[in-house]
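Trainee: In our numbering, the protein residues as written are 201 to 325. In this text, a Cβ means the ideal position worked out from N, Cα and C, and glycines have one as well.
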Amino acid sequence: MSTVTSTVIAIGNHAIENEDPLVILFDQEATPELQDIAVIQEFSEPAAMKTLALAEGDTITIDENTYTIAYVGDVANQNLQTIGHITLLFAPLPASDRLGNGVYLTTTVKPAFHVGTKISYKTDD
């Protein structure tokens, strides 16, 4: 098992909508337009981000809340490794029309995000 961690360093004005079951994450290189709609994370080890590969059954811990990954979209790992971008979905896994950059989590309860939130990606490699 390996763990890669990040810290939330900024939250865009339109990043967290209560009625939306998703949270868009980017690293600190995101454009100003993306920063407005995203939660910006800074990885403690940027080199580890470039090899991070999430899979079904891995976990993501957001502060004290741990979520199991139910599905990883077909471009999610590539986006995560290159620009620190994934979309976390706190919603039931749909039968079709799944987001390509989405990471669907097994619980539908979206946690609170704030500057300083710790995110841990635990993979079974």
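My output table needs one value for D274: the three-state DSSP class, helix, strand or coil.
Mentor: Three-state result, D274: coil.
Trainee: By DSSP's criteria, A210 is part of a beta bridge. Which residues make up the other side?
Mentor: According to DSSP, A210 bridges with I240.
Trainee: Exposed or buried, what is L293 when buried is set at 16 or more other beta-carbons lying within 10 Å of its beta-carbon?
Mentor: Label assigned to L293: exposed.
Trainee: Do the CB positions of V272 and Y321 come within less than 9 Å of each other?
Mentor: For V272 and Y321, no; Cβs fall outside 9 Å.
Trainee: For the beta strand (DSSP E) that contains I216, what are its first and last residues?
Mentor: Segment: none, I216 is in no beta strand (DSSP E) and carries neither H nor E.
Trainee: Within the continuous beta strand (DSSP E) that includes L289, where are the two ends?
Mentor: Element bounds for L289: 286-289.
Trainee: Quick one: what's I283 bridged to in DSSP?
Mentor: Answer by DSSP bridge pairing: none, since I283 is not bridged.
Trainee: Taking only the alpha-carbon atoms, compute the straight-line gap between L289 and G300 and give it to the nearest angstrom.
Mentor: Taking the straight line joining both Cα atoms gives about 12 Å.
Trainee: Where does M201 land, buried or exposed, given buried means 16+ other C-beta within 10 angstroms?
Mentor: So M201 counts as exposed.
Trainee: Who does K318 pair with in a DSSP beta bridge?
Mentor: For K318, which the question treats as bridged, DSSP gives the partners T207.
Trainee: Note down the Cα distance separating A295 from T251, rounded to an integer number of angstroms.
Mentor: So the two alpha carbons sit approximately 29 Å from each other.
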